[in-house]
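Take a look at the structure set out below.
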Amino acid sequence: MSQYAGLAGAGANAALCDLRSDTLTRPDTGMMRAIQAAELGDDVYGEDPQVNRLEAVLAERLGKEAALFLPSGTMSNLAGLLAHCQRGEEIILGAGYHVYAYEAAGASVLGGISLCPVPVRDDGALDPEVIAGAVKADDSHLAVSRLLSLENTHNGLAVPLADMAAAAAAGRTAGLAVHLDGARFFNATVALGCSEAALAGLMDTVSICLSKGLGTPAGSVLAGPADLIAKARRWRKMLGGGMRQAGVLAAAALYALEHNVARLAQDHDRAAELADVLRGLGAGEVSLATNMVFFTPKEGRNDALRMHLASEGVVIGGGSSGAIRMVLHKDVDNGALDRAVQGLKSFYG
Ligand SMILES: *Cc1c(COP(=O)(O)O)cnc(C)c1O
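Going by this note's numbering, the sequence shown opens with residue 49, and the numbers climb by one from there.
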């Protein structure tokens, strides 16, 4: 069953403010125009001008030799991991990271790759000593440690460059390559105020989602050294991710890279505003991380709150208890945010 199934009937399509995820953004007029104007070709033949341009632009921005456009972040991570590792080899990664927790163990299922989860710190980073301690000795009893897989942002937390550098260095000292699941890479760079190449430069490969805060309908990009990207391209074909006139998506991505990166700061500001309102209501625990607010209602009135907000055209996710994640994105403007704020105030007022 889909984790979203319980929301059927909550009026998601008519929602005036949908806070469940930044994947819910829809292409706006400018993006639709860019899609319509796109000159297209067959990307499996390497002939789609938009895809070729997108791959070149992101490789350049991240300071990498090459890049590859894929249908989803899960496939982008998976193709990257399969390019790095052989059967019997191992990936060290955070136990709460998406690659370990939410990608159906694809690297193990399809690649015979072992996943070695380690605890994630409260700030979203992996501890260098923990990484060093997880690396296996060269012993025929053990898996061969090959890759360190990091994540930024993690649950919205932008992990500072120094912590990313320390983790990457611990991996490299042990002879590991380093991959970054940067699904929300640009939320991280915008929040940290660091250059894209500075964060990407710590990594061998970087995967970035275009369909979250950047607002495109679908697609992710994997960037890295030319030889690894060539391997990932073969994996993409094998996984069924070779798309034909994928330029309709790449054109949206090129538009987003120009128009929707710097504006992520607005999402972060609005998330901070929402967190302030929730704290002011004193109705539960609140934590803020870039474009996400996590709210744990005091009396566990999650379902009642969800129904009340839905009646006001505001949609939130989460279960019947525990933290509710509220995600700010391009399609939640000031008016929509105000609706959420009014809905919260009338529920708790
Ligand atoms: C969304 C996400 C992904 C990839 O998800 P897809 O839905 O497959 O695009 C990977 N890692 C993180 C941290 C994510 O948030």
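Even for Gly, the Cβ is constructed at its ideal location relative to N, Cα and C.
This one's a predicted model, so the numbers in the text were calculated from it and none came from an experiment.
- Not a single heavy atom of ligand 1 lies less than 8 Å from the C-beta of HIS132.
- With fewer than 16 other Cβ atoms from the protein chains shown falling within 10 Å of its own Cβ, ASN382 counts as exposed.
- ALA149 is classed as exposed because its beta carbon has fewer than 16 other beta carbons within 10 Å across all chains shown.
- Listed in chain order, the non-local C-beta contacts of PRO119 below 7 Å within the same chain comprise ALA266, GLY267, GLY289, MET291, local neighbours out to five positions each way being set aside.
- Assignment of MET286 by DSSP, reduced to helix, strand and coil, places it in the helix class.
- It is roughly 7 Å from the alpha-carbon of THR253 to the alpha-carbon of PRO273.
- Going by DSSP, MET251 is part of no alpha helix (DSSP H) at all; its letter is neither H nor E.
- According to DSSP, residue pairing for HIS227 in a beta bridge involves SER197, THR253.
- By the neighbour-count criterion, in which a residue is buried when 16 or more other Cβ atoms sit within 10 angstroms of its Cβ, ARG68 is buried.
- In terms of Cβ geometry, HIS146 and GLY172 do not form a close pair [threshold 9 Å].
- For the pair of segments examined, the region 310 to 320 was found to touch the region 224 to 239: the number of CB pairs separated by less than 8 Å reaches three.
- Remark: the C-beta of THR71 is in contact range of ligand 1, defined as less than 8 Å to any heavy atom.
- As DSSP reads the structure, LEU102 sits in no beta bridge.
- For PHE117, the beta-bridge partners assigned by DSSP are VAL269.
- At a Cβ-Cβ threshold of 9 Å, ALA114 and ILE277 count as neighbours.
- LEU141 carries a strand assignment under DSSP once its states are collapsed to helix, strand and coil.
- For the 9 Å CB-CB criterion, GLU108 and LEU195 do not form a contact.
- The region 372 to 386 and the region 327 to 340 touch, with three or more beta-carbon pairs separated by less than 8 Å.
- Under DSSP, GLY332 takes part in a beta bridge, and its partners are PRO345.
- Residue LEU72 holds the alpha-carbon nearest to the alpha-carbon of GLY263 among ALA384, LEU72, VAL168, ALA63.
- Excluding residues up to 5 positions away in sequence, GLU360 lie with their Cβ nearer than 8 Å to the Cβ of GLN390 in the same chain.
- A heavy atom of ligand 1 is found nearer than 8 Å to the CB of CYS257.
- For the 9 Å CB-CB criterion, ALA331 and LYS346 form a contact.
- The straight-line gap separating the alpha-carbon atoms of ASP90 and LEU126 is approximately 23 Å.
- Remark: the shortest separation between the CB of VAL147 and any heavy atom of ligand 1 falls under 8 Å.
- Put simply, the region 153 to 163 does not touch the region 200 to 216. Fewer than three CB pairs are less than 8 Å apart.
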